[in-house]
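Inspection log for the structure reproduced underneath, given as structure tokens.
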Amino acid sequence: MLAKAIEIAAVAHSDQFDKQGQPYILHPITVMMKFLDDPELAAIAILHDVIEDTQWTIKDLQNWEMSSRIIAGVTHLTHAKGITYDDYITTICQSLDTIKVKKADIEHNTLVTRSKGCTQKDFDRNIKYFLAYQKLCKAEQKLK
């Protein structure tokens, strides 16, 4: 199942690049690498941006026979339009799988080497991520 998830992510993100001009797929791969001891969690990690940032849908993932655990994780990690960021993080806080992946996502997204500079927008985004990370850590402790 992980091999299928990697294939999906590679195809879905094939024409995307990050702020440094690097292939975007490197981000989900980096997040995934933290979870190789759990192939389904690794699949959730590599697919975490597929629905939100590409034309792929949950139905597409179901058609590729992703497990219910993977579908649930990707669904909860997709920031739907019209949902506040705080509500989105609250939803993620309901599951250890999604908490772990979102924490790894935030850790990678806040690396200084992934931004072009240090603008006010970058600073504000990192504060938002820091507050979300705190909330995720608290929720993780409650669920353990």
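The sequence shown runs 18 to 161 under my numbering. Positions of the beta carbon are idealized from the N, C-alpha and C atoms, including for glycine.
To the nearest angstrom, how far is the alpha carbon of residue i from that of residue j?
i: ALA20; j: LEU53; result: 12 Å
i: ASP114; j: CYS135; result: 31 Å
i: ASN80; j: ARG86; result: 15 Å
i: ASP122; j: ILE144; result: 15 Å
i: GLU124; j: ILE46; result: 13 Å
i: LEU58; j: GLN137; result: 34 Å
i: PHE147; j: LYS51; result: 20 Å
i: ILE25; j: ALA97; result: 20 Å
i: LEU43; j: LYS161; result: 30 Å
i: GLY99; j: ILE75; result: 18 Å
i: ASP77; j: TYR41; result: 20 Å
i: PHE34; j: ASP70; result: 12 Å
i: LYS120; j: GLN72; result: 24 Å
i: LEU157; j: SER31; result: Sequence inspection shows Glu at residue 157; the Leu mentioned does not correspond to that position. Roughly 33 Å between the two C-alpha positions.
i: ILE61; j: LYS36; result: 23 Å
How close, in whole Å, do the beta carbons of residue i and residue j come, if the pair is a contact with beta carbons under 8 Å?
i: VAL118; j: VAL48; result: 7 Å
i: LEU94; j: ILE109; result: 7 Å
i: ILE63; j: ILE23; result: 6 Å
i: THR56; j: MET18; result: Correcting the residue type first, residue 56 is Pro in the shown sequence and not Thr. Contact holds; Cβ gap of about 6 Å.
Check for me: the alpha helix (DSSP H) holding residue i runs from which residue to which?
i: PRO45; result: 43-50
i: ILE100; result: Here ILE100 belongs to no alpha helix (DSSP H), and DSSP marks it neither H nor E.
i: CYS154; result: 137-160
i: HIS125; result: 113-126
i: PRO56; result: 56-63
i: GLU82; result: Premise fails: GLU82 is in no alpha helix (DSSP H) and is neither H nor E.
i: LEU19; result: 19-29
i: ASP70; result: 67-70
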